[in-house]
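S.K.: To convert a position in the sequence shown, counted from 1, into this note's numbering, add 7.
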Amino acid sequence: RYPFLMVDAILEMEPLKRIVGIKNVSINESHFQGHFPGKPIMPGVLIIEAMAQTGGLLLLQEVPDREHKLLYFVAVDDARFRRPVVPGDQLRLEVNVLSWRGNFCKLEGKATVNGDLAAEATLMCKMVDRDPPPEGKPSNE
8 RYPFLMVDAI LEMEPLKRIV GIKNVSINES HFQGHFPGKP IMPGVLIIEA MAQTGGLLLL
68 QEVPDREHKL LYFVAVDDAR FRRPVVPGDQ LRLEVNVLSW RGNFCKLEGK ATVNGDLAAE
128 ATLMCKMVDR DPPPEGKPSN E
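#1: Rounding to the nearest angstrom, what Cα-Cα distance links I26 and P44 in this structure?
#2: Which residue marks the beginning of the alpha helix (DSSP H) containing M58, and which one marks its end?
#3: Kindly indicate the opening and closing residues of the beta strand (DSSP E) around K24.
#4: Please specify which runs of the beta strand (DSSP E), each continuous and at least 3 residues long, are wholly inside the stretch 108-145, giving them in chain order.
#5: Please state whether DSSP places S37 in a helix, a strand or coil.
#6: Looking at the strands, I want to know which residues DSSP matches up with L98.
#7: Just reading off the beta strand (DSSP E) that K76 is part of, what are its end residues?
#8: Could you tell me which residues DSSP puts in a beta bridge with V104?
#9: Mind checking who I17 pairs with in its DSSP beta bridge?
#10: Quick test of your reading: I34 and A126, contact by CB under 8 Å. State the CB separation rounded to the nearest angstrom.
#11: Given 8 Å as the limit, is there contact between the stretch 99-111 and the stretch 49-66, that is, 3 or more CB pairs closer than that?
#12: Using CA atoms only, rank isn't needed, just tell me which of S37, V52 and M134 is closest to F88.
#13: Leaving out the 5 sequence neighbours to the left and right, which residues in its chain are closer than 7 Å to D96 when beta-carbon positions are compared?
#14: Around the Cβ of V14, are there at least 16 other Cβ atoms within 10 angstroms (buried) or fewer (exposed)?
#15: What does a CB cutoff of less than 6 Å around S37 pick up in its chain, not counting 5 residues either side in sequence?
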């Protein structure tokens with residue numbers, strides 16, 4: 008959701024397996040005002056967030072009552088940043104499901120620009136109820 012939406016389009020999706028999205032990086036994004044003045048670079052945490060949002064779209068796609076669910080990211084492991092991402096770049100976000108047990112899911116994310124690896128990380132998330140469960144339905148927390 009604006010102003011924190013980090014995915015512009017979904018290019019490919021294999022339900023519960025993998026997803027590919029894109030983020031068009033624009034100089035108009037507010038974080039470039041301070042990161043860094045005169046040499047704008049997309050913050051690495053926002054690249055990770057873009058991966059997380061892309062993965063979240065994949066995971067929630069198959070959940071029947073997804074409007075009542077949230078994904079909390081509980082861990083980021085092995086994050087590596089290989090090249091700067093700058094305004095004008097198109098970030099390709101590839102996310103694969105490594106495992107899904109109960110409410111926890113482990114994802115592998117890669118972000119590339121023109122085929123060059125920009126960032127990669129392993130993400131762990133937990134699916135929780137957005138609101139209290141409807142009468143008679145157990146909570147997943």
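C-beta: ideal position from N, C-alpha, C; glycine also. Just so it is clear, the structure is predicted and the values come from calculations on it, not from any experiment.
M.R.: Considering the structure as presented:
#1: 34 Å
#2: G51 to Q68
#3: Segment: none, K24 is in no beta strand (DSSP E) and carries neither H nor E.
#4: 111-120 and 123-136
#5: DSSP places S37 in helix when its eight states are reduced to three.
#6: K30 and V120
#7: K76 to F88
#8: L114
#9: G28
#10: A Cβ-Cβ separation of about 20 Å leaves I34 out of contact with A126 under the 8 Å criterion.
#11: yes
#12: V52
#13: V32 and V120
#14: buried
#15: none
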